[in-house]
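Listed in order, the protein sequences are those of chains V and H. Just so we're on the same page, the numbering used here is the position in the first sequence counted from 1, plus 23. Just so we're on the same page, the numbering used here is the position in the second sequence counted from 1, plus 23. Glycine residues also receive a C-beta, built at the ideal position from the N, C-alpha and C atoms.
2 protein chains.
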Amino acid sequence: MTLKTARDIGLLIKSKRLDLGLDQATLAKKAGVSRIWIVAMEAGKDNASLALVLRTLNALGVVLTADARTAQTGAPQIDLDAIIAAAKAPRIVRKS
Amino acid sequence: MTLKTARDIGLLIKSKRLDLGLDQATLAKKAGVSRIWIVAMEAGKDNASLALVLRTLNALGVVLTADARTAQTGAPQIDLDAIIAAAKAPRIVRKS
DNA sequence: GTCAGCTGTCAACGTTCATAGACATTACAT
DNA sequence: ATGTAATGTCTATGAACGTTGACAGCTGAC
């Protein structure tokens, strides 16, 4: 499952919570957040705190990973901006 | 790469930014955030806004995915709390 | 040396978050 | 019908966010 928006993460949390048979209050307690926050997050709250999101996902046993590949949709495969910026800023240390 | 903490995400952002040859100001503009925020985020800011994090990762072409498998470390393979909760709350609608 | 660019830090400001508590609604069970 | 449990909504409060603008260190180029 790919996560591009807060709504995706909210749906993931809700889906995993139901898979585990947890109610909102129990998950909130396990994750150390308020039940209200769970409600808002599952509804797609987009300005939630990163720390709370990570805590909740950990409480659900969800592992987040980042693919090195370029996004498949919506992002151009060739990023001219990045190439031009790279050419203009040769001083930056590259990762190797 | 697995992301468990805000620090992980910060390091990911910094690493990908350098890979693309972008400086902080350029990335900030592309992602629609302030340069100060990039500085704090790359340092591991843990209470950052989810929306800004997602915007930044999108600007970097990073795709976030969630594995269905259980976390390998730190989480018990058998979650008694979840099982008991499930037994006590048979009313909850299961995903499938 | 001098200059330009990148990075990190600071203060002040307005905005938004996250929380607790109470309430209404829905659904199931007895 | 009554009672229990889960979910969603609302208000008010304190805390933290994210932003701008300016400044100091540092590196590399001229």
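Taking all protein chains shown into account, do 16 or more other C-beta atoms lie within 10 angstroms of the C-beta of residue i, making it buried, or fewer, making it exposed?
{"i": "residue 88 of chain V", "result": "exposed"}
{"i": "residue 59 of chain V", "result": "exposed"}
{"i": "residue 79 of chain V", "result": "buried"}
{"i": "residue 76 of chain V", "result": "buried"}
{"i": "residue 64 of chain V", "result": "buried"}
{"i": "residue 45 of chain H", "result": "buried"}
{"i": "residue 29 of chain H", "result": "buried"}
{"i": "residue 66 of chain H", "result": "exposed"}
What does the alpha-carbon distance come out to for the pair residue i and residue j?
{"i": "residue 48 of chain H", "j": "residue 56 of chain V", "result": "34 Å"}
{"i": "residue 70 of chain H", "j": "residue 37 of chain H", "result": "17 Å"}
{"i": "residue 83 of chain V", "j": "residue 31 of chain H", "result": "19 Å"}
{"i": "residue 62 of chain V", "j": "residue 42 of chain H", "result": "38 Å"}
{"i": "residue 85 of chain H", "j": "residue 40 of chain H", "result": "10 Å"}
{"i": "residue 25 of chain V", "j": "residue 24 of chain H", "result": "14 Å"}
{"i": "residue 52 of chain V", "j": "residue 74 of chain V", "result": "15 Å"}
{"i": "residue 81 of chain H", "j": "residue 54 of chain H", "result": "8 Å"}
{"i": "residue 27 of chain H", "j": "residue 27 of chain V", "result": "17 Å"}
{"i": "residue 35 of chain V", "j": "residue 35 of chain H", "result": "22 Å"}
{"i": "residue 50 of chain V", "j": "residue 90 of chain V", "result": "28 Å"}
{"i": "residue 141 of chain H", "j": "residue 33 of chain V", "result": "Not covered by the structure: residue 141 of chain H. The range shown for chain H is 24 to 119."}
Taking residue i as the reference, which of the options has the closest Cα?
{"i": "residue 68 of chain H", "options": "V/72, V/28, V/67", "result": "V/72"}
Quiz item: Relative to chain H, which residues along the region 26-42 of chain V have a C-beta separation below 8 Å, given in chain order?
Solution: Taking 8 Å as the Cβ-Cβ cut-off against chain H, the residues of the region 26-42 of chain V that qualify are 26, 27, 28, 29, 32, 35, 38, 41, 42.
Practice problem: Taking a Cβ distance cut-off of 8 Å, strictly less, list which residues of the region 72-88 of chain H are near chain V, in chain order. | Solution: Answer set for the region 72-88 of chain H: 72, 73, 74, 76, 77, 80, 81, 84, 85, 86, 87, 88.
Quiz item: Of all the alpha helix (DSSP H) runs that stay within the bounds of the region 24-65 of chain H, which reach a length of 4 or more residues?
Solution: If only uninterrupted alpha helix (DSSP H) runs of at least 4 residues are considered, those enclosed by the region 24-65 of chain H are 29-42, 47-54, 58-65.
Quiz prompt | Length at least 3, wholly inside the region 64-91 of chain H: the beta strand (DSSP E) runs in chain order | solution = Listed in chain order, they are 86-90.
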